Amino acid sequence: METTSASKRTRTISAIAYLTTLALIQFFVIGDGFPINEKLLWFANGAASLILGSRLLNPHFVPPADAATNSFVAGGTLVAALAANPDIFSDLILIWSMLALSALCFFASISVIILREPRGIENRKWIQALEKGVKAFGAPKTVFTFVILILAWVFHRDSATELISILASWTLIVALNPIEAVVSFASWTIDRSDRRDTTIIGAVAAHQSPGLVLIRQNDEVRYKAGTLMALSDDQGPTTLGVALNYVGRDDGILLRALSLPIPPALKSRADEAAVGSAAASLLLVDEDEEREVKVLERISSLCGIVDSDSDLEFIEIEVINDQGLAEGRLVDVKLRGEDVIYQIISGVTREDAVQQKNKYGYVRAKARKIGTWDDAARKFQPTEWLPRINAPVFLKTTDEFIHNVDAIGHFPGTDYQVSMDVSDAVTHNTAILGILGIGKSYLSIELVERMISQGIKVICLDLTDQYATELNDFVDQDYQNAVNQALSSAAQGRPAVIGKDEGGSVGTFNAAVIKAVSEFLNPETRQTILIFNPAEFRVSQQTTNKFKENDPAGFRDLTPCEITALFSSAALKASQELGMTDTARTCLVYEEAHSLVPEWNSVANDGDKNATAASARAILQGRKFGLGCLLVTQRTANVTKTILNQCNTIFAMRTFDDTGKDFLGNYIGSEYARILPTLKERHAVFFGKASSCDDPVLIRLNDRDKFIEAFRPKREQDD
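Basically this note's numbering = 1-based index in the sequence shown + 80.
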């Protein structure tokens, strides 16, 4: 397609060529020079006006003002013809008739100019009809054609040579346009000779709207992802192609490419490269021009395109490059101009037929929407809607991870970090679930440190003794030893009484627990953590009545589950005495919770059932008083669901048992639950009120040593 300047140049050259040709015909054929008589009228007024009007002044459309001008010039030519005194009456009738039509067109054009509405659309039908009429008759090719034909008939019919010359000239000017064709072809030839040699990649075999094309290659050359090409199209403008991948073969190798609007800086280069119709040609650009194609800045991280069956929550991705892809990795895609982050949670293989038995196999990944990253708030914000199909999908990566002391973890392979509200984690309860040796205890110990730093007092009930070692820096050993001594002393002995319910050391021990917990939770007590192993206390309970003084009485030791209930009830009582609050004050840590608060069908005796119910009651009633729990277990199925269902925040780590996966599926969704058996060490699916993300996310938890290195100096500085 010619540009505006090239079109004007062609019309100007053709007008000069036509005038020169007509001048030569006038000089050598018609008038033996340029005599001032009727022989010159056809050239001086008719032919010249026709050429100048149709080539330069009104090449495309004729406004009413130009129609009036053309009619006036035509009328002037006819008046000059009358001045030549034609002898034949019929000639006078022709001239006068055309003069009358010219005058009518002139006055009609003036009327349209005066009466037509200056703004908006003219609605009067008669004005519209009149305007169309004057534009049609006042066009140079119309009005001056009549003038030339009349002048040729009146003044040149006696000479066959003159008449044929004039009629041939009119045919060339009005109908054939040979000079324009020659000039246009010459310009095209010169333009092509100045261009670079163009490499044709192949023909456009199919359009996969929106934004994709399939190219059937002419050769066996393999073009890498990001190769630029010009895509010519008979049905629209030339577009920019960016090679993606090969998708099989039919009658040739099929190359798939993105189809994008051409950046203004590459417009002339693309026009040069575009050849033929529905063809893809190689587009060679320099570094500055390449930077104009934004998608090339991230072509190395392009991992796929949005596939069908995507919805508001998940997108399906046809994987193009799987380097670096894995469960939990983040990808981003443009949605209304923003980079929306998704997390890959699964993948399947797919196969599509290309032609006959030719097939194209690929991997289809599924990713869940996370949101858009708010750098100021350091969290993800929810995003509405879904990206268009075939939109490019890019893998998020980072060269260097910088630990943030407020982050509980980060998305694998990126610097996007996830934090948590420690107070909400306590008041609305938190559970850490996963198999043995996967990092549960280190995570819970980190959470305990965060609680302590925010002034939340912690009572750890730990059967493993790991907390005493890892949290030794936070434990006041003198205070801890004094409490342990008081509780151990209260637990000693097996006093027997007549009624079994009052026998044993359980009453004395319970009173000591209530006193110790109440003093510990007193705001004036500066100590922030107490750690107990319920299995180390030998607390006796009388099991039979003693009717006579010398009668023997039966005793048993309380189980860890029952001792846990005493601590839980004491914590609730002390918290209630402190009054209601909206923020966390106390956290009970149940390490190996399946042994401390077991499910009803996992207990060894009825005492454990009652004890678990007491602990559950403390957790259910404690939130209003700032009391909550951190539950840690490797056996989800064996923990009381009464407490587990109250855990509003979940860290789901590697889990194999179906009961655990089914339970967690209700929290984190079936998609995340399915990947739990394959989670790596120190990875977890994190979800709940305490999370900085609104939806479940798979994160890489902090390494213990790096957490200590970053967190403890900051805590000491804050203190």
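All residues carry an ideal CB built from backbone N, CA and C; glycine is no exception.
This structure is a prediction, so every number in the text was calculated from the model and none was measured.
When G587, I105 and F235 are compared, the shortest CA-CA separation from S569 is found for G587. The shortest C-alpha to C-alpha distance from D368 to any of V473, Q534 and E377 is the one to E377. Judged by DSSP secondary structure, P640 falls within the alpha helix (DSSP H) whose first and last residues are P640 to L658. Taking C-beta separations shorter than 7 Å and ignoring five residues to either side along the sequence, the partners of W453 in its chain run I421, F460 and Y496, following chain order. Where Y670 is concerned, the enclosing beta strand (DSSP E) starts and stops at T666 to E671. Per DSSP, S771 lies in no beta strand (DSSP E) and is assigned neither H nor E. Under the DSSP assignment, P144 falls in the alpha helix (DSSP H) whose first and last residues are P144 to A163.
If you ignore the 5 residues before and after F554, its C-beta comes within less than 6 Å of the C-beta of I532 and I609, all in its own chain and listed in chain order. Rounded to the nearest whole angstrom, the C-alpha separation of D238 and Q208 is 43 Å. For M733, there is no enclosing beta strand (DSSP E), as DSSP marks it with neither H nor E. Here L247 has no same chain residue with a Cβ atom under 6 Å from its own Cβ, once five neighbours each way along the sequence are excluded. For L311, the uninterrupted beta strand (DSSP E) run begins and ends at L308 to L311, by DSSP. Contact between the stretch 763 to 773 and the stretch 717 to 732 is established, with three or more Cβ pairs separated by less than 8 Å. Taking all protein chains in view, the Cβ of F107 is surrounded by fewer than 16 other Cβ atoms within 10 Å, so the residue is classified as exposed.
About 5 Å separates the CB atoms of G706 and A664; that is less than 8 Å, so the two are in contact. Contact annotation: L652 and Q701 have beta-carbon atoms nearer than 8 Å. Assigned with DSSP and collapsed to three states, V498 falls in strand. In this structure the stretch 353 to 367 does not lie against the stretch 380 to 391, because fewer than three pairs of beta carbons, one per stretch, are closer than 8 Å. Judged by their CB atoms, T713 and L513 are nearer to each other than the 8 Å cut-off. For C727, there is no enclosing alpha helix (DSSP H), as DSSP marks it with neither H nor E. Relative to L334, the option among F635, F791 and Y440 whose CA is nearest is Y440. A distance below 8 Å separates the beta carbons of N470 and Q288. Boundaries of the beta strand (DSSP E) harbouring L475: P472 to L475, taken from the DSSP string. Residue burial annotation: S189 is buried, with at least 16 other C-beta atoms found within 10 angstroms of its C-beta. Secondary structure note for Q557: its alpha helix (DSSP H) is the uninterrupted segment Q557 to A571.
Comparing C-alpha distances from E599 to each of E616, S585 and K537 shows the shortest one belongs to K537.
In this structure, the beta-carbon distance from M733 to K520 falls below 8 Å. Of W465, L724 and F635, the smallest CA-CA separation from R416 is found for W465. Your pair V506 and G708 checks out as a contact, with CB atoms roughly 4 Å apart and the cut at 8 Å. Taking 8 Å as the cut-off, the Cβ atoms of A148 and V227 do not count as close.
Of K215, L311 and S426, the smallest CA-CA separation from A406 is found for S426. Where A592 is concerned, the enclosing alpha helix (DSSP H) starts and stops at V586 to L601. The C-alpha of S381 is placed about 5 Å away from the C-alpha of L475. The beta carbon of K786 lies closer than 6 Å to those of H483 in the same chain, with the five residues before and after it left out. In this structure, the CA atom of P472 is about 20 Å from the CA atom of D432.
The three-state reading of DSSP puts W453 in strand, counting E and B together.
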